[in-house]
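Here is the structure we will look at.
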Amino acid sequence: MGLHSLLGSPFGLALLVFAGWLLHSLLWPYKNCSRCGGSKKLNAVGGGGYRSCPKCGGSGTATRVGRRMLGLLGSRRRYHR
Ligand SMILES: [Zn+2]
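Sequential numbering from 313 applies to the sequence shown in the numbering used here.
Shown next, in the form of structure tokens:
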């Protein structure tokens, strides 16, 4: 089984997409927080107040799952929890 036939199979395609997704996560490790949309704060429902977003801790960013996976595979000193 050559590389070409592997890439032509559904499995190869999935592998290719996965590899691309991992690469994308490596190059763009962060995205806007899904909770606050990158605004770093959550608006109060009824009034004008707000508080810092608990999901991202007020950073406004969320680490992509792929980046976390790469972190687990790579350096454990920096990403240990
Ligand atoms: Zn947030």
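Glycine included, C-beta positions come from ideal geometry on N, C-alpha and C.
Skipping 5 residues on each side, what residues in its chain have a beta carbon closer than 8 angstroms to that of residue i?
| i | result |
| --- | --- |
| residue 356 | 362 and 363 |
| residue 278 | This structure gives no information on residue 278, because the portion of the chain shown stretches from 313 to 393. |
| residue 368 | 345, 347, 348, 352 and 374 |
Would you call the CB atoms of residue i and residue j closer than 9 angstroms?
| i | j | result |
| --- | --- | --- |
| residue 382 | residue 346 | no |
| residue 372 | residue 386 | no |
| residue 343 | residue 380 | no |
| residue 328 | residue 315 | no |
Take the Cβ of residue i as the centre, count every other Cβ of all protein chains shown within 10 Å, and call the residue buried at 16 or more, exposed below.
| i | result |
| --- | --- |
| residue 374 | buried |
Roughly how many whole angstroms lie between the Cα atoms of residue i and residue j?
| i | j | result |
| --- | --- | --- |
| residue 321 | residue 359 | 55 angstroms |
| residue 325 | residue 334 | 14 angstroms |
| residue 339 | residue 332 | 11 angstroms |
| residue 330 | residue 341 | 15 angstroms |
| residue 384 | residue 366 | 24 angstroms |
| residue 317 | residue 323 | 10 angstroms |
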